[in-house]
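Student: One structure, pasted below without further comment.
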Amino acid sequence: MKQEILVAGLGVTGIATAKAVAKLGKQVLVFEEDASAAMQSKANELRLIANIEVTFIQPEVLPKLIITSPGWKPNHPVLIRALSSGCEVISEVEYAWRIDQESAKPKIWVGLTGTNGKTTTVSMAEAIFLADGKRAVACGNIGKTVIEVITGDEKVDYLIIELSSFQLHWSTHLRLQSAAILNIADDHLDWHGSFPEYLAAKKRITNGTKQIIINRDDRHLNSIEFKGDHKLVKFTLDAPRPGEIGVVEELLVDRAFVDDPQEAIALAELSDINPQAPHNVANALAAMALARSCGVNAESIAKGLRNFTPGHHRIEEIEHSAGIRWINDSKATNPHAANASLAAFSSIIWIAGGLAKGADMEELVKSKSSRLKAVLLIGTDRELISNALAKYAPEIPNYLIDGISADQLMENLISKAMELAVSGDVVLLAPACASMDQFTSYAHRGELFAEKVKQQIGSNK
């Protein structure tokens, strides 16, 4: 039987997409290059579903529509061949959008992107929407795919979507009610090829959007011209101007979604945010702006922020023993994220390194060296950090830590950190790099860190 749609990739997104497409009664072919036993097992499970076929051999004839997974780079031979043959290549999010627009009552889509803080902010926004009594769900790059929500049975009116640059690259027709951009810094340059291409992908979230929300404190965002008919709202850690949301003393204040922008409404207090690190206050301001753009009552903002529970691996305190704090920020997979983490502490024993993805480490080390006591370096690209330390902070001791397995590596890291740390120090896992050279994911890296910290500190009590 002729396949109508090709799904590229057998990961989380690919599997969810294939199931959703098949549920709609369309014939779908899934193509995966990795023919490992684990992938073969996933393929066999999918083949039990009607309308789905899986192949590990590149198809000779491509369907007219390809739904690609985020992990597939634009220069993949299959995608290049598809585009040159006149096929359309789109993201799972774009496909879900098209399905929803054909429904009798399309949902309200709000989206958020940025280099760092996306998952936290989308989760905060969900908590605020729910506190207001709205039927909302966080989805997208956060775990639950958009297409699962669109084709599922859950009653939902609002989609609060975390969008990566990968997804936005292939989402040309997506039109959101409100779109927020948290921040922009070098990341995923290995995927996009250049910073301008990365920035262009991020900006795509604003195409046709009615309300655009950006970070006034981000220099890249302030240099962008947003064209079209829209309301532009900025958020800032400083006092807000008319049309902005910001901070006045201990209050989070709205001057954007009010009848008179010369007036202001206090939405919440800084104490409602956990943790209160500056970057997380910015996350909260963006979440508040998204909520207010959809008519959420001012009274629900503080309630939602208080209801929000931060996720794991995001400046998560694992232990506080003998005056030493052990902090897991494994989600800090680029210099911009690590910068926010380092800014929250002092006297830091910093665990850093991994896959840099083309990012530069010099500015991070230069700007945060005064906060460092020692640095423990791991991973493929750790030399980038050691070279930056030699250039800008040669007085700070740094150690190369290795291990024959991920378990042993983490044990060696914790042992060295325990040897160096004294009361008042912070041992901070904020690698500024991706994890896949030594761990299966940033979550695996963070889980091992937490496990070994608890084991080794427990055995020393």
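Oh and the sequence shown: position 392 is 531 in the numbering used here, straight run, nothing missing.
No residue lacks a Cβ here, since even glycine has one placed at the ideal position from N, Cα and C.
None of the values given here were measured: they were computed from a predicted structure.
Taking its Cβ as the centre, do 16 or more other Cβ atoms sit within 10 Å of Asn190, making it buried, or is it exposed?
Tutor: In the sequence shown, residue 190 corresponds to position 51, counting from 1. Buried, by the Cβ-count rule.
Student: Closest by CA to Gly463, which one among Lys283, Met557, Ala482?
Tutor: The residue given as residue 463 occupies position 324 in the sequence shown. Inspection of the sequence shows that residue 463 is occupied by Ile rather than by Gly. Nearest C-alpha to Ile463: Met557.
Student: Around the C-beta of Val561, are 16 or more other C-beta atoms found within 10 angstroms, so that it is buried, or is it exposed?
Tutor: Against the sequence shown, residue 561 aligns to sequence position 422. Val561 is exposed by the Cβ-count criterion.
Student: Helix, strand or coil: how does DSSP classify Ile300 here?
Tutor: Looking up residue 300 in the sequence shown gives position 161. Looking at Ile300 - three-state DSSP - the assignment turns out to be strand.
Student: Where does Thr345 land, buried or exposed, given buried means 16+ other C-beta within 10 angstroms?
Tutor: Indexing the sequence shown from 1 puts residue 345 at position 206. When all chains shown are included, Thr345 counts as buried.
Student: Quick test of the definition: if touching needs 3 or more C-beta pairs under 8 Å, does the stretch 360-369 touch the stretch 397-406?
Tutor: Judged by Cβ distances under 8 Å, the stretch 360-369 makes no contact with the stretch 397-406, as fewer than three pairs qualify.
Student: Quick check: the Cα distance between Ser180 and Thr519, rounded to an integer number of angstroms?
Tutor: What you label residue 180 is simply residue 41 of the sequence shown in a count that begins at 1. What you label residue 519 is simply residue 380 of the sequence shown in a count that begins at 1. Cα-Cα distance, rounded: 31 Å.
Student: Buried or exposed for Leu371, going by 16 or more other Cβ atoms inside 10 Å?
Tutor: The count along the sequence shown starts at 1 and reaches residue 371 at position 232. Leu371 is exposed by the Cβ-count criterion.
Student: Enumerate in chain order the residues of its own chain whose CB-to-CB distance from Glu227 is below 6 Å, with the five nearest sequence positions on each side excluded.
Tutor: On the sequence shown, position 88 is the one that residue 227 refers to. The residues are Leu204.
Student: Compute the beta-carbon to beta-carbon distance between Met427 and Leu406, rounded to the nearest angstrom, for a pair I have assumed lies under 8 Å.
Tutor: Sequence index remark: in the sequence shown, residue 427 carries index 288 (1-based). Sequence index remark: in the sequence shown, residue 406 carries index 267 (1-based). 6 Å between Cβ atoms; contact.
Student: Look up His459 in the DSSP assignment and say whether it is helix, strand or coil.
Tutor: Locating residue 459 in the sequence shown gives position 320, counting from the first residue. Here His459 sits in strand by DSSP.
Student: Can you have a look at Ser317 and say buried or exposed, based on whether 16 or more other CB atoms are within 10 angstroms of its CB?
Tutor: In the sequence shown, the residue the question calls residue 317 occupies position 178. With 16 or more Cβ atoms within 10 Å of its Cβ, Ser317 is classed as buried.
Student: DSSP state of Ser317, grouped into three classes?
Tutor: Residue 317 sits at position 178 when you count from the first residue of the sequence shown. Of the three classes helix, strand and coil, the one that applies to Ser317 here is strand, per DSSP.
Student: Can you confirm whether the stretch 530-538 touches the stretch 570-586 when touching is taken to mean that 3 or more C-beta pairs between the two stretches lie within less than 8 Å?
Tutor: Result no; under three Cβ-Cβ pairs closer than 8 Å.
Student: Does Thr472 come out as helix, strand or coil in the three-state DSSP assignment?
Tutor: As a working note, residue 472 is residue 333 in the sequence shown. Looking at Thr472 - three-state DSSP - the assignment turns out to be coil, as it is neither helix nor strand.
Student: Under the three-state reduction of DSSP, which class applies to Ala513: helix, strand or coil?
Tutor: If you number the sequence shown from 1, residue 513 lands on position 374. Looking at Ala513 - three-state DSSP - the assignment turns out to be strand.
Student: If contacts are defined as beta-carbon pairs under 8 Å, then Asp468 and His452 qualify, I think. What distance do you get, rounded to the angstrom?
Tutor: Taking the first residue of the sequence shown as 1, we reach residue 468 at position 329. Taking the first residue of the sequence shown as 1, we reach residue 452 at position 313. 7 Å between Cβ atoms; contact.
Student: For Leu298, does the count of other Cβ atoms within 10 angstroms reach 16, so buried, or fall short, so exposed?
Tutor: The count along the sequence shown starts at 1 and reaches residue 298 at position 159. By the neighbour-count rule (16 or more Cβ atoms within 10 Å), Leu298 is buried.
Student: Which two residues bound the contiguous beta strand (DSSP E) that contains Trp309?
Tutor: The count along the sequence shown starts at 1 and reaches residue 309 at position 170. Careful: Trp309 lies outside any beta strand (DSSP E) and carries neither H nor E.
Student: On the DSSP bridge assignment, give the partners of Ile206 in chain order.
Tutor: To locate residue 206, count along the sequence shown from 1; it is residue 67. Bridge partners of Ile206: Val146, Ile229.
Student: Thinking just about the alpha-carbon of each residue, which of Arg220, Leu424, Gly164 is nearest to the one in Ala147?
Tutor: Numbered from 1 along the sequence shown, position 8 holds the residue referred to as residue 147. Per the Cα distances, Arg220.
Student: Where in the stretch 571-599 do unbroken runs of the alpha helix (DSSP H), each at least 4 residues long, occur, reported from the N-terminal end onward?
Tutor: Whole alpha helix (DSSP H) segments, 4+ residues: 581-599.
Student: Is Asp674 helix, strand or coil by DSSP?
Tutor: Nothing in the structure corresponds to residue 674, since the chain is present only between 140 and 600.
Student: Whole angstroms is fine: what's the gap from Leu391's alpha carbon to Val420's?
Tutor: For this step, residue 391 is matched to residue 252 along the sequence shown. For this step, residue 420 is matched to residue 281 along the sequence shown. When rounded, the distance between both Cα atoms is 9 Å.
Student: Work out the CA separation of Asp357 and Val386 for me, nearest whole Å.
Tutor: As a first step, residue 386 must be located in the sequence shown, where it is residue number 247. As a first step, residue 357 must be located in the sequence shown, where it is residue number 218. Cα to Cα, Val386 sits roughly 16 Å from Asp357.
Student: Pick out whichever of Leu559, Gly225, Ser544, Leu523 has its Cα sitting closest to the Cα of Leu511.
Tutor: Stepping through the sequence shown from its first residue, residue 511 is reached at position 372. Minimum Cα distance to Leu511 is reached at Leu559.
Student: What residues match up with Gly250 in a beta bridge as DSSP calls it?
Tutor: Here residue 250 corresponds to residue number 111 of the sequence shown, with the count starting at 1. Gly250 is bridged to Ile300, Ala318.
Student: Please name the residue or residues paired with Asp393 in a DSSP beta bridge.
Tutor: The count along the sequence shown starts at 1 and reaches residue 393 at position 254. BP columns for Asp393 point to Ile384, Ile404.
Student: Would you mind working out which of Ser333, Ser362, Arg394 sits nearest Ala498, comparing C-alpha positions?
Tutor: Position 359 of the sequence shown, counted from the start, is the residue given in the question as residue 498. Looking at the Cα atoms, Ser333 is the closest of the given residues.
Student: Output the boundary residues of the alpha helix (DSSP H) element that contains Val504.
Tutor: Here residue 504 refers to the residue found at position 365 of the sequence shown. Where Val504 is concerned, the enclosing alpha helix (DSSP H) stretches over 501-507.
Student: Does DSSP classify Trp211 as helix, strand or coil?
Tutor: The sequence position of residue 211 within the sequence shown is 72, counting from 1. DSSP places Trp211 in coil when its eight states are reduced to three.
Student: Between Leu429 and Ala264, how many whole angstroms is the CB-CB distance? I'm expecting something under 8 Å.
Tutor: For the purposes of this step, residue 429 is taken as residue 290 along the sequence shown, with counting starting at 1. For the purposes of this step, residue 264 is taken as residue 125 along the sequence shown, with counting starting at 1. So it is a contact: roughly 5 Å between Cβ atoms.
Student: Would you report the Cα separation of Ala182 and Leu149, rounded to the nearest angstrom?
Tutor: Here residue 182 refers to the residue found at position 43 of the sequence shown. Here residue 149 refers to the residue found at position 10 of the sequence shown. For Ala182 and Leu149, the distance between alpha carbons rounds to 8 Å.
Student: Opposite Arg464 in the DSSP bridges: which residues?
Tutor: Within the sequence shown, numbered from 1, the residue matching residue 464 stands at position 325. Arg464 is bridged to His459, Val565.
Student: Output the boundary residues of the beta strand (DSSP E) element that contains Ile524.
Tutor: Taking the first residue of the sequence shown as 1, we reach residue 524 at position 385. Unbroken run through Ile524 is the alpha helix (DSSP H), 521-531; no beta strand (DSSP E).
Student: Helix, strand or coil for Gln350? Go by DSSP, reduced to three states.
Tutor: If you number the sequence shown from 1, residue 350 lands on position 211. If DSSP states are grouped into helix, strand and coil, Gln350 belongs with the strands.
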